[in-house]
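Residue numbers (our numbering): 93 to 273.
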């Protein structure tokens with residue numbers, strides 16, 4: 093039997109078959125974001141384990157991680173740091189390259205976005221293969237962040253992303269999982 097949290101979130105997430113390519117089941121959280129009750133519940137659940145702790149920054153991965161991370165930062169009275177695709181930030185940046193299915197990409201953040209030793213939680217909508225989240229962890233560590241956790245609404249456990257982050261010593265928190273992809 094599913095918990096009321098699982099029911100609320102599952103009913104608010106749209107699954108789109110064969111997007112972006114055949115055989116993929118895309119988990120679309122824009123419907124969750126548009127559902128006030130589900131959005132509030134997801135943010136409350138992401139925040140709950142960290143309420144009362146001293147969190148300096150929430151780092152959100154472009155683009156859905158900005159929405160979720162901004163709300164989490166607000167609730168925890170923490171600052172927010174965007175992690176973006178290369179070339180999107182106006183100030184001096186630090187950058188890391190990471191593997192995609194068909195090649196390499198780069199992500200970056202402002203070099204002064206996090207001070208050495210600051211306590212940071214990484215936030216995004218979904219953890220699949222973990223490539224993007226792993227790159228974000230490496231980027232944050234490159235400038236000295238103390239990463240307390242990586243939080244996601246959705247886990248696709250069959251793709252191994254959680255294990256990849258945990259092998260880096262980053263605790264992973266997810267709200268719901270989908271078997272298969």
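Even for Gly, the Cβ is constructed at its ideal location relative to N, Cα and C. As the structure is a computational prediction, the values presented were derived from the model and not from experiment.
Anyone know if the C-beta pair for residue i and residue j falls short of 9 Å?
i, j, result
"residue 268", "residue 241", "no"
"residue 166", "residue 183", "no"
"residue 125", "residue 159", "yes"
"residue 211", "residue 145", "yes"
"residue 223", "residue 190", "yes"
"residue 101", "residue 134", "yes"
"residue 188", "residue 234", "yes"
Roughly how many whole angstroms lie between the Cα atoms of residue i and residue j?
i, j, result
"residue 238", "residue 175", "16 Å"
"residue 170", "residue 150", "7 Å"
"residue 254", "residue 225", "9 Å"
"residue 113", "residue 107", "13 Å"
"residue 147", "residue 164", "11 Å"
"residue 157", "residue 198", "17 Å"
"residue 180", "residue 204", "16 Å"
"residue 132", "residue 196", "35 Å"
"residue 90", "residue 117", "What is shown of the chain runs 93 to 273, which leaves residue 90 out entirely."
"residue 143", "residue 136", "10 Å"
"residue 162", "residue 138", "12 Å"
"residue 177", "residue 96", "36 Å"
"residue 111", "residue 194", "16 Å"
"residue 141", "residue 232", "21 Å"
Can you find the residues in the same chain that come closer than 8 Å, C-beta to C-beta, to residue i, ignoring five residues on each side of it along the sequence?
i, result
"residue 246", "105, 119, 121, 217, 218, 219, 266, 267, 268, 269, 270"
"residue 192", "223"
"residue 92", "This structure does not reach residue 92, given that the chain is present from 93 up to 273, and the question cannot be answered."
"residue 127", "104"
"residue 258", "264"
Could you tell me how far apart the beta carbons of residue i and residue j are, in whole angstroms, since I believe they sit closer than 8 Å?
i, j, result
"residue 206", "residue 243", "At roughly 17 Å, the Cβ-Cβ gap does not stay under 8 Å, so residue 206 and residue 243 are not in contact."
"residue 200", "residue 186", "6 Å"
"residue 221", "residue 261", "Their Cβ separation, rounded to whole angstroms, is 19 Å, which puts residue 221 and residue 261 out of contact at 8 Å."
Between residue i and the rest of its own chain, which residues show a CB-CB distance below 6 Å, the 5 nearest in sequence each way excluded?
i, result
"residue 115", "none"
"residue 256", "222, 226"
"residue 98", "268"
CB-CB under 7 Å to residue i, same chain, minus the five flanking residues each way: which ones, in chain order?
i, result
"residue 130", "100, 101, 104, 124"
"residue 228", "151, 153, 175, 199, 214"
"residue 109", "117"
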